[in-house]
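Take a look at the structure set out below.
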Amino acid sequence: MAGIYIHIPFCASRCNYCDFYSTTMLSKRNDYVKAVLREWKENAHNWKNNIDTIYIGGGTPSMLDEIDLTLLINTILEDLPHTPKEITLEANPCDLTLDKLYCIKQTNINRLSIGIQSFNDSLLTFMGRRHNSFQAMTAITNAQNVGFENISIDLIYGIPNQTFNEWKQDIEQALLLRPQHISAYCLTYENGTKLNQLLLEGMIQPIEDTIENEMYDYLVNTLSKHNYLHYEVSNFALPSYESKHNSSYWTHTPYLGLGAGAHSYNNHIRWWNISDIDAYINTTHFSDVQQKEYLSLQDLRTERIMLGLRTKNGIAANEVDPKVVQKYLNLGYLTLNNQRICATLEGYHILNRIIEDLI
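My numbering runs 7 ahead of the 1-based position in the sequence shown.
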């Protein structure tokens, strides 16, 4: 099967840590949606019979109005022989009014991914988020009341000056709300972001590795006790609620990316659209605004190791040097079961080093 990723780059403002392609030119939303649908029509004949998931990410897809969102979903679905099992919309809490949620519910969107990041107002302000903790909790509760039964939330830890107790409180609040899925990421400092500039200027200091590891261990152990399956380094789900779309990225399942900056993959080829909304909207042929790379067998092996070790399914033992594997087995960083190699919790702390040795 295959998936569709649709990139909606519009944001009211840019978060301090984000390096995804985005724009605040909100007046271009309607023209952009029409361009995305033109790109879909250009590709539909090759993909329409195999689509199993759709993921609308950003940016802030929840900033699309009812007309554009409905047009986007309906136009794609009318070309498909069956409705995909999972259709996800990323959303900001402050966009999810009751009216907006009812609008989204009228489409075939059946999964919400809500960018909570934290339930702590001071940390939200530090990260440049538009919402506050009350709006975050209200958005989740309202989505549940409207009838959404598959809700994912994002959390961030390892924020400068964040205490261990503040992180515990974020997890406790998340568990009270009981979303079906939780993605929790350690803060990273990406080039070109405001936080990275503050780091370079010495205005902020990264959190200590030991505290970061303690936060991660607490996350994993606490969510596991509450029946969340730790199925990927940063992802946790109640039984049967793993993200079908995101899981496809980790297994080289084909996916079609639509929109400015969107990536696609199929048959050892990866291609991506230009991160320029005007060039994207105005192009006549989308191949003119794309770049492409061909992945060798070694490239694919490297990615299988990098991606596979991030998941609970791990990698095949015959992919890697048994001597290197044995070293990490002896140290307790890897396990071997049924010829599958997986990282332990301690192994996740040094996963990049393990992957580098295995590659």
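For glycine and all other residues, C-beta sits at the position ideal for the given N, C-alpha and C.
Residue 96 sits away from residue 83, with the two beta carbons spaced by 8 angstroms or more.
Nearest to residue 307 by C-alpha distance, out of 161, 267 and 260, is 260.
Contact between the region 112-132 and the region 171-182 is present: three or more C-beta pairs spanning the two stretches fall below 8 angstroms.
By the criterion of a C-beta distance shorter than 7 angstroms, residue 351 is surrounded in its chain by 339, 340, 341 and 342, once the five residues flanking it on both sides are discounted.
Of the candidates 313, 299 and 190, the residue whose Cα lies closest to the Cα of residue 305 is 313.
Shown here for residue 230: same chain residues with a beta carbon closer than 6 angstroms to its own, the five before and five after excluded, namely 243 in chain order.
For residue 165, there is no enclosing alpha helix (DSSP H), since its DSSP letter is neither H nor E.
With 16 or more other CB atoms across the displayed protein chains lying within 10 angstroms of its CB, residue 271 is buried. DSSP, read as helix, strand or coil, puts residue 308 in helix. Look at residue 60 here: in three-state DSSP terms it is strand.
C-alpha of residue 315 to C-alpha of residue 347: approximately 10 angstroms in a straight line. Between residue 58 and residue 87, the C-beta gap is smaller than 8 angstroms, which places the two residues in contact. Between residue 226 and residue 169, the C-beta gap is not smaller than 8 angstroms, which leaves the two residues out of contact. Taken in chain order, the whole alpha helix (DSSP H) runs of length 4 or more contained in the region 14-57 are 36-54. Taking a cut-off of 8 angstroms on C-beta distances, the region 152-168 touches the region 178-192, as three or more cross pairs fall below it.
The continuous stretches of alpha helix (DSSP H) do not include residue 276, which lies in the beta strand (DSSP E) extending over residues 276-280. Under the three-state reduction of DSSP output, residue 159 falls in the strand class. Your pair residue 135 and residue 22 checks out as a contact, with CB atoms roughly 5 angstroms apart and the cut at 8 angstroms.
In terms of Cβ geometry, residue 324 and residue 16 do not form a close pair [threshold 8 angstroms].
Here residue 123 carries a strand assignment [DSSP, helix/strand/coil]. Separation of the CB atoms of residue 255 and residue 190 is rounded to 16 angstroms, and the pair is thereby denied contact status at 8 angstroms.
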